[in-house]
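Respectively, the protein sequence lines represent chains U and G.
Using our numbering, the first residue of the first sequence is number 1, and each one after it goes up by one.
Using our numbering, the first residue of the second sequence is number 1001, and each one after it goes up by one.
Glycine included, C-beta positions come from ideal geometry on N, C-alpha and C.
Values in this document were obtained by computation on a predicted structure and should not be read as measured data.
Take a look at the structure below.
2 protein chains.
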Amino acid sequence: MAPLLERLRHRGWRLTAQRRVIAEAMAGEHVHLAADEVFERAREMLPEVSLATVYNTLNELVSMGELAEITHTDGRKRYDPNVAEPHHHLVCVDCGEMLDVVTEDPRLPTDQQHGFELLGVETTFRGRCPDCASSASSA
Amino acid sequence: MAPLLERLRHRGWRLTAQRRVIAEAMAGEHVHLAADEVFERAREMLPEVSLATVYNTLNELVSMGELAEITHTDGRKRYDPNVAEPHHHLVCVDCGEMLDVVTEDPRLPTDQQHGFELLGVETTFRGRCPDCASSASSA
DNA sequence: CTGACACATTAGAACAGTTCAAAGATTGGA
DNA sequence: TCCAATCTTTGAACTGTTCTAATGTGTCAG
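What follows is the structure, encoded as structure tokens:
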């Protein structure tokens, strides 16, 4: 799938300077930035950009389906530009690093569906990343 | 497993009036209350109880391992007294109702582990509950 | 090209959920 | 009973996010 900026251009989305740097901040493969991190990155490229615009734009991209919103344990929302390939997440409980993993979706047996119309599944594997594991054992 | 209050008594946890009503508010099988809902329920039984105590107590119970903390999409933490039986959740995207479901844990293939030491898995099935499905189609 | 309207952006106030700090109340043990 | 430890309370502070009202910018019809 084309990168985020490309996709937005195709949609005829009005691409202002602010929106471009925000989209550029989200570029990449394993990107799971929180709003304040997007703000940081965007500001390096365009210092005048405001936090409100970052929030506006991220919310808009989410409702356009161009970004996925991930709710992290710490209460900050994170944004994932990888909406093309269905995937789950592997998160380090110590440093919060988040990686994409591609695994089979877990299944919900019919007798557990409670009459729900199923729409999706999200799985988060929690663990300790190599860096945190080695620094913990040496501590 | 014994209900929450029972377990707490066994641990010799100092059981004050406030703590008891908070624990009682969490009693039941499919309970996934947010802090303000616990506060509400507790206050019905003991009007003097304060919100700070609710937060203090919930956090304490979580670190004792007697409650599980669930991070909901809306930014409110929810608390689950069912820590005995490993389970996952089924959530209505419209009304937020949350049910426990018992399914097999999804597996993370070794080639996807990125060197992480795995600690746990959380799965959330998202869907629409029967009530919301019928009111949506009639709307 | 120009005016005008729609849309984007901004700063800061407002808001929700949660945590913190200091003072007061309660508990259990000597 | 008195003390020390612990619990509770109030209210302020903090974090992440949304809202508001004013200003700025792009686009297009004429």
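- Take methionine 26 of chain U, set aside five residues on each side of it, and the residues of its chain with a beta-carbon closer than 6 Å to its own are Leu4 and Pro81, in chain order.
- Contact annotation: the stretch 20-35 of chain U touches the stretch 72-87 of chain U, with at least three C-beta pairs closer than 8 Å.
- Looking only at G:Ala1042, G:Leu1051, G:Lys1077 and G:Leu1067, the smallest Cα-Cα distance to threonine 71 of chain U is reached by G:Lys1077.
- Counting along the chain, threonine 53 of chain U sits inside the alpha helix (DSSP H) bounded by residues 51-63.
- Separation of leucine 46 of chain U and arginine 9 of chain U (C-alpha to C-alpha, rounded to the nearest whole angstrom) is 20 Å.
- For the options G:Thr1073, G:Thr1057 and G:Asp1074, the alpha carbon positioned closest to that of glutamate 1066 of chain G is the one of G:Thr1057.
- Cβ-Cβ distances below 7 Å link phenylalanine 1039 of chain G to Leu1051 and Val1054 in the same chain, with the five nearest sequence neighbours on each side left out; the list follows chain order.
- In this structure, arginine 1126 of chain G sits near valine 1093 of chain G, with a CB-CB distance shorter than 8 Å.
- DSSP places aspartate 100 of chain U in the uninterrupted beta strand (DSSP E) bounded by 98-101.
- With its beta carbon less than 8 Å from one in chain G, threonine 71 of chain U belongs to the interface.
- With 16 or more neighbouring CB atoms inside 10 Å of its own CB, cysteine 1129 of chain G falls in the buried class.
- Listed in chain order, the non-local C-beta contacts of alanine 35 of chain U below 8 Å within the same chain comprise Leu51, Val54, Tyr55, Leu58, Arg76, Lys77 and Tyr79, local neighbours out to five positions each way being set aside.
- Residue contact with chain G for proline 86 of chain U: absent (no Cβ-Cβ distance below 8 Å to any residue of chain G).
- Of the other Cβ atoms in all chains shown, 16 or more fall within 10 Å of the Cβ of methionine 98 of chain U; this residue is therefore buried.
- Just so you know, the alpha carbons of glutamate 85 of chain U and histidine 1088 of chain G end up roughly 23 Å apart.
- Interface with chain G (8 Å Cβ-Cβ cutoff): cysteine 95 of chain U is excluded.
- Ranked by how close their Cα comes to the Cα of threonine 1103 of chain G, the residues G:Arg1011, G:Glu1122, G:Glu1044 and G:Val1049 have G:Glu1122 in first place.
- A residue is called buried once 16 or more other Cβ atoms fall within 10 Å of its Cβ, and proline 1106 of chain G is buried on that count.
- Leucine 90 of chain U is positioned such that its CB atom lies no closer than 8 Å to that of leucine 1119 of chain G.
- The alpha-carbon of alanine 1042 of chain G is positioned some 49 Å away from that of arginine 20 of chain U.
- In the DSSP assignment, arginine 1014 of chain G falls outside any alpha helix (DSSP H), carrying neither H nor E.
- Contact residues of the stretch 1009-1021 of chain G toward chain U are absent (C-beta to C-beta distance below 7 Å).
- Shown here, threonine 110 of chain U sits in a helix according to DSSP, grouped into three states.
- By the criterion of a C-beta distance shorter than 6 Å, cysteine 1095 of chain G is surrounded in its chain by Cys1132, once the five residues flanking it on both sides are discounted.
- Where phenylalanine 1125 of chain G is concerned, there is no enclosing alpha helix (DSSP H), although the beta strand (DSSP E) around it starts and stops at 1117-1128.
- With contacts defined by Cβ atoms closer than 8 Å, glutamine 18 of chain U and valine 62 of chain U do not form a contacting pair.
- Identification of chain U residues near histidine 1114 of chain G by a Cβ-Cβ cut-off of 7 Å yields Leu90 and Leu99, ordered along the chain.
- Near chain U, meaning a CB-to-CB distance below 7 Å, no residue of the stretch 1031-1057 of chain G qualifies.
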